[in-house]
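J.:
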Amino acid sequence: MNTRARQRVTLNNLSEPQQLRELNRQLEWVWSQLMGGLTSRSFSEALREDIARQAADDAAERLLTGFAEKYTGNARVTIGAGGDFATLGAFAETVDNRLLTSDVTAEIVSDLSGSVRLSGMTGAGRLEIEGGGHTLTGSLSLNGARVGISALSFAAPVTVSGGDVRFSGVEIDGDGEEAALDAGDGAHCRLENCGLANAVSLIRLRGGASLDGHGLRGGGSRWLDAEHAAIRMSGTRPAGGVQLAACLCAPADLSALTVDSGVS
Numbered sequence: 116m117n118t119r120a121r122q123r124v125t126l127n128n129l130s131e132p133q134q135l136r137e138l139n140r141q142l143e144w145v146w147s148q149l150m151g152g153l154t155s156r157s158f159s160e161a162l163r164e165d166i167a168r169q170a171a172d173d174a175a176e177r178l179l180t181g182f183a184e185k186y187t188g189n190a191r192v193t194i195g196a197g198g199d200f201a202t203l204g205a206f207a208e209t210v211d212n213r214l215l216t217s218d219v220t221a222e223i224v225s226d227l228s229g230s231v232r233l234s235g236m237t238g239a240g241r242l243e244i245e246g247g248g249h250t251l252t253g254s255l256s257l258n259g260a261r262v263g264i265s266a267l268s269f270a271a272p273v274t275v276s277g278g279d280v281r282f283s284g285v286e287i288d289g290d291g292e293e294a295a296l297d298a299g300d301g302a303h304c305r306l307e308n309c310g311l312a313n314a315v316s317l318i319r320l321r322g323g324a325s326l327d328g329h330g331l332r333g334g335g336s337r338w339l340d341a342e343h344a345a346i347r348m349s350g351t352r353p354a355g356g357v358q359l360a361a362c363l364c365a366p367a368d369l370s371a372l373t374v375d376s377g378v379s
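Under our numbering, read the sequence shown as residues 116 to 379, first letter to last.
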């Protein structure tokens with residue numbers, strides 16, 4: 116067996132941290148030969164940081180690829196009448212449980228019907244849904260997803276389980292259900308300039324969920340029902356009462372926020 120083959124077998128027998136240390140050692144030796152023995156500490160540290168960062172990124176992608184198929188569709192798609200996909204559900208089938216290595220943008224070009232579930236997206240990329248002022252008449256369920264949604268109206272509740280979701284300029288009608296926005300399982304929800312209406316509780320948080328809200332509006336008997344959650348609010352809040360249990364709030368008195376009862 117030649118030297119290169121022996122070296123490959125040796126590295127394959129090591130764990131990834133051990134491989135990284137061995138590669139760093141070998142690369143330092145190569146650089147010392149190429150640079151005539153240059154031993155600048157700043158140069159060496161910067162080199163090691165770059166190598167470690169790249170190795171970590173490669174290792175993370177290899178690990179995630181082992182569990183999730185890589186998304187191979189277009190970086191930008193249209194959804195609706197005359198679009199790349201007729202329904203949001205059809206598009207969801209292409210991104211569910213996929214590895215997103217870069218951002219994917221879905222532009223809504225017409226009103227849509229049907230309930231939709233988006234789940235299991237991993238990787239460095241994020242799904243951005245641009246609503247264009249259109250409406251989804253069915254409910255939306257987000258499970259472990261990194262999604263941004265803007266300028267879209269929902270005629271039924273939105274449920275978030277885990278993941279990181281950002282809503283901007285969104286309207287949610289709870290259709291008379293328990294909650295217009297229902298978040299749990301450690302979900303992080305950011306709402307900016309959003310309206311909520313027509314639910315027992317406009318926003319319900321459970322199981323370590325967190326809410327960052329700014330400029331919210333709407334009204335009901337209760338705008339927030341939260342248990343074991345974190346809430347940070349600024350600007351305006353919807354009209355209605357608050358029910359809290361074991362929560363962290365900023366400001367501490369959420370009732371002190373200015374009320375905006377209108378939904379545009």
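Note that the Cβ used here is the ideal one computed from N, Cα and C, for glycine as well.
Of the residues Leu267, Leu242, Val231, which one's Cα is nearest the Cα of Thr274?
T.: Mapped onto the sequence shown, residue 274 falls at position 159. Ranking Leu267, Leu242, Val231 by Cα distance to Thr274 puts Val231 first.
J.: May I ask which residues mark the beginning and end of the alpha helix (DSSP H) holding Ala354?
T.: In the sequence shown, counting from the first residue as 1, residue 354 sits at position 239. Careful: Ala354 lies outside any alpha helix (DSSP H), inside the beta strand (DSSP E) at 354–360.
J.: Excluding sequence positions up to five away, which residues of its chain have a Cβ less than 8 Å from the Cβ of Ser234?
T.: The residue labelled residue 234 in the question sits at position 119 within the sequence shown. Around Ser234: Asp211, Asn212, Ser256, Leu257, Asn258, Gly259, Ala260.
J.: How about Asp288 and Asn308: are their beta carbons less than 8 Å apart?
T.: Here residue 288 corresponds to residue number 173 of the sequence shown, with the count starting at 1. Here residue 308 corresponds to residue number 193 of the sequence shown, with the count starting at 1. For Asp288 and Asn308, no; Cβs fall outside 8 Å.
J.: Can you list, in chain order, the residues of its chain whose CB lies under 6 Å from that of Gly277, leaving out five sequence neighbours each side?
T.: Taking the first residue of the sequence shown as 1, we reach residue 277 at position 162. Within the same chain, Gly277 has close Cβ partners Gly259, Asp300, Gly301, Ala302.
J.: Quick check: the Cα distance between Arg321 and Glu292, rounded to an integer number of angstroms?
T.: Counting from one through the sequence shown, the residue named residue 321 turns up at place 206. Counting from one through the sequence shown, the residue named residue 292 turns up at place 177. Near 16 Å, if we compare the C-alpha coordinates of Glu292 and Arg321.
J.: Use the C-beta contact count for Ala295: other C-beta atoms within 10 angstroms, 16 or more gives buried, fewer gives exposed.
T.: Translated into positions along the sequence shown, residue 295 becomes position 180. Ala295 should be labelled buried.
J.: Across which residues does DSSP place Glu307 in a beta bridge pair?
T.: Reading the sequence shown from its first residue, position 192 is the one you call residue 307. Glu307 pairs with Ser283, His329.
J.: If you follow the beta strand (DSSP E) that Phe269 is in, where does it begin and where does it stop?
T.: Translated into the one-based positions of the sequence shown, residue 269 becomes position 154. Phe269 -> beta strand (DSSP E) spans 261–269.
J.: Ser376 by DSSP, collapsed to three states: which one?
T.: Translated into the one-based positions of the sequence shown, residue 376 becomes position 261. Three-state DSSP puts Ser376 in coil, outside helix and strand.
J.: Helix, strand or coil for Gly152, going by three-state DSSP, please let me know.
T.: Here residue 152 corresponds to residue number 37 of the sequence shown, with the count starting at 1. A caution first: Gly152 carries a pLDDT of 47, below 50, which makes its placement in the model unreliable, though a value can still be read off. Residue state, collapsed to three classes: coil.
J.: For Arg241, which beta-bridge partners are listed by DSSP?
T.: One-based indexing of the sequence shown puts residue 241 at position 126. Per DSSP, none; premise fails for Arg241.
J.: Strictly by DSSP, which residues pair up with Val334?
T.: Numbered from its first residue, the sequence shown carries residue 334 at position 219. First, the amino acid is wrong: residue 334 is Gly here, not Val. Paired residue(s): Ala312, Ala354.
J.: Under the rule that 16 or more other beta-carbon atoms within 10 Å means buried, what is Glu184, buried or exposed?
T.: Taking the sequence shown and counting its residues from 1, the one referred to as residue 184 is at position 69. It is exposed - the Cβ of Glu184 has fewer than 16 other Cβ atoms within 10 Å.
J.: Taking the beta carbon of Arg191 as the centre, do at least 16 other beta carbons fall within 10 Å, making it buried, or is it exposed?
T.: Walking along the sequence shown from the start, residue 191 turns up at place 76. Counting Cβ neighbours within 10 Å, Arg191 comes out exposed, since fewer than 16 surround it.
J.: In whole angstroms, give me the CA-to-CA distance for Ser325 and Ala298.
T.: Reading the sequence shown from its first residue, position 210 is the one you call residue 325. Reading the sequence shown from its first residue, position 183 is the one you call residue 298. Each residue's Cα considered, the two are about 8 Å apart.
J.: Considering only the alpha carbon of each residue, which of Gly334, Trp338, Val357 lies closest to Gly377?
T.: Residue numbering aside, residue 377 sits at position 262 when the sequence shown is read from its first letter. Selected option, being the one with the closest Cα: Gly334.
J.: Name, in chain order, the residues that DSSP records as bridge partners for Asn258.
T.: For the purposes of this step, residue 258 is identified with residue 143 of the sequence shown, where counting begins at 1. Bridge partners of Asn258: Ser234, Ser276.
J.: Which runs of the beta strand (DSSP E), 3 residues or longer, sit entirely within the region 186–229?
T.: Runs found: 191–194, 219–223.
J.: To the nearest angstrom, report how far apart Ala365 and Ser268 are at their CA atoms.
T.: In the sequence shown, residue 365 corresponds to position 250, counting from 1. In the sequence shown, residue 268 corresponds to position 153, counting from 1. Computed Cα separation, rounded: 28 Å.
J.: Should Leu339 be labelled buried (16 or more other beta-carbon atoms within 10 Å of its own) or exposed?
T.: Here residue 339 refers to the residue found at position 224 when the sequence shown is read from its first residue. Flag for Leu339 reads buried.
J.: Going by CA-CA distance only, name the one from Thr252, Gly263, Ser254 that's closest to Glu243.
T.: On the sequence shown, position 128 is the one that residue 243 refers to. Checking every option, the nearest Cα to that of Glu243 belongs to Gly263.
J.: Among the candidates Val285, Thr209, Asp279, whose CA atom is the shortest distance from the CA of Ala271?
T.: The residue labelled residue 271 in the question sits at position 156 within the sequence shown. When only C-alpha atoms are compared, the closest one is Val285.
J.: Could you tell me if the beta carbon of Ala371 falls within a distance shorter than 7 Å of some heavy atom in the ligand FAD?
T.: Here there are no bound small molecules, and the ligand FAD is not part of this structure.
J.: Rounded to whole angstroms, what is the Cα-Cα separation between Met236 and Leu215?
T.: Within the sequence shown, numbered from 1, the residue matching residue 236 stands at position 121. Within the sequence shown, numbered from 1, the residue matching residue 215 stands at position 100. Taking the straight line from one Cα to the other gives about 7 Å.
J.: What does DSSP give as the partner residues of Val340 in its beta bridges?
T.: By 1-based counting over the sequence shown, the position of residue 340 is 225. As written in the sequence, residue 340 is Asp, which differs from the Val given in the question. DSSP lists Arg319, Gln358 as partners of Asp340.
J.: Taking only three categories from DSSP, how would you classify Ala324?
T.: Taking the sequence shown and counting its residues from 1, one reaches residue 324 at position 209. Ala324 falls in the coil class under three-state DSSP.
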